[in-house]
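Report on the structure given below.
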Amino acid sequence: MELDKHSRDAGDRQPHRRQQPVNAGYAPISDYISERKATLIMLDAYRDFLFQDIYEFASLVEGCVVDPLTFIELGIEDDTSLIERLLKPHKLTLLHEYIFTMIRVWQSQDYRNNPDYYMDAAPERLRQIFEEYRLPLTVFPADEAHEDSYVFYKWFQENQESFFQYWEQVTDEVFHIVFANRRFLQRFGLSLAEYLTSELSDGSEARKMIGRRICRPGRYPMWLKTAVFHRDHGRCVFCMCDLSGLISTDRRVHLDHIVPLNRGGSNDPSNFQLLCEACNLEKSDRSSRAGRLYIPWWGY
926 MELDKHSRDA GDRQPHRRQQ PVNAGYAPIS DYISERKATL IMLDAYRDFL
976 FQDIYEFASL VEGCVVDPLT FIELGIEDDT SLIERLLKPH KLTLLHEYIF
1026 TMIRVWQSQD YRNNPDYYMD AAPERLRQIF EEYRLPLTVF PADEAHEDSY
1076 VFYKWFQENQ ESFFQYWEQV TDEVFHIVFA NRRFLQRFGL SLAEYLTSEL
1126 SDGSEARKMI GRRICRPGRY PMWLKTAVFH RDHGRCVFCM CDLSGLISTD
1176 RRVHLDHIVP LNRGGSNDPS NFQLLCEACN LEKSDRSSRA GRLYIPWWGY
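Here you go:
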């Protein structure tokens, strides 16, 4: 960038002073490096979702959640890391763990019980899907298929590590969809509450850590409040009043447990919704209720 006229004139009049460097007016290279790092950090905050078969998996999870006994598959009773997710919010939620486990269990059992069904078309389709997810797969031994009906399941076992990575990525995508569905979150929370209330043995580590009921944490992390606020569009999900502060500044934001703690609810991020003060006080902790009001993309 060229120096302004005043600077040039001053330099002409006082030649004994050090001249401005030729790159005057440009940011130092360290600033560009910092901007580059900031851009990379911002991009790292995004996820590249492919949504391959994702609604099939979401439907599977929705069907599983009606049965509280499916939570047995998670091994909550003596897994302290999972119990801690019930006691205070964690970014890797219990719902993440549930989605992953249901997909893993269902797909593993289905491949084991019905290998013939997947023998012909599944290997090629999986190859294409895994290629999109940039995951490796060994070549399916098609020439052995007519001799061994379990060749597909053996091939699946041979690629277990890649399937685990696939399920992890799919879990993020399914979570992205179902976290926006508060009625699903209510069903998930109620089923979890029934499992914790009825199925945990008295001598389990979970029962010792939870006690009679899960307590409210001292404070909620900002990442949780921000996520719930934006998911619910800055509005009370019961009366739809604005809580953003842009229209009215006298509204207090309440982070509400969809399934109340005294009814077996947890502090998992999946159990929160946005309410105004009046609706939160009216709901209180007497019942489980999820907001069902949504703003359509356009009127029709």
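Note that the numbering used here gives residue 1118 to position 193 of the sequence shown, counting from 1, and the numbers run on in steps of one.
Cβ coordinates follow ideal geometry from the N, Cα and C atoms, glycine included.
Sub-8 angstroms separation of residue i and residue j beta-carbons
i	j	result
residue 1107	residue 1220	no
residue 1024	residue 1099	yes
residue 1215	residue 1102	no
residue 1112	residue 1030	no
residue 1156	residue 1109	no
residue 1186	residue 1217	no
residue 993	residue 1169	no
residue 1074	residue 1035	no
residue 1167	residue 1205	no
For residue i, the first and last residue of its enclosing alpha helix (DSSP H)
i	result
residue 1090	1085 to 1103
residue 1206	1202 to 1208
Cross-strand partners of residue i (DSSP beta bridge)
i	result
residue 1198	1181
CB contact below 8 angstroms: residue i versus chain C
i	result
residue 1011	Among the chains in the structure shown there is no chain C, since it carries only a single protein chain.
Practice item. Scan the stretch 986 to 1068 and note each continuous alpha helix (DSSP H) run of 4 residues or more that stays entirely inside, going in chain order. Key: Here the runs fully enclosed are 1005 to 1012, 1019 to 1038, 1040 to 1043, 1047 to 1057.
Practice item. Let me know the alpha helix (DSSP H) ranges lying completely inside the stretch 1117 to 1185, each 4 residues or longer, listed in chain order. Key: 1130 to 1135, 1147 to 1156
Check your understanding: Counting Cβ pairs, one atom from each stretch, are 3 or more of them under 8 angstroms apart for the stretch 1082 to 1098 and the stretch 1194 to 1204?
Key -> no
Point to revise | Inter-stretch contact (C-beta, 8 angstroms, three-pair minimum) for the stretch 1119 to 1138 and the stretch 1001 to 1010 | key: yes
Review point. Would you say the stretch 1186 to 1195 touches the stretch 1009 to 1027, given that touching needs at least three Cβ pairs under 8 angstroms?
Key: Enough Cβ pairs lie closer than 8 angstroms, so yes.
Check your understanding: When the Cβ atoms of the stretch 1054 to 1065 are set against those of the stretch 972 to 981, are three or more pairs found closer than 8 angstroms?
Key -> yes
Check your understanding: How do the stretch 1112 to 1124 and the stretch 1144 to 1160 stand: do at least 3 beta-carbon pairs fall below 8 angstroms, yes or no?
Key -> no
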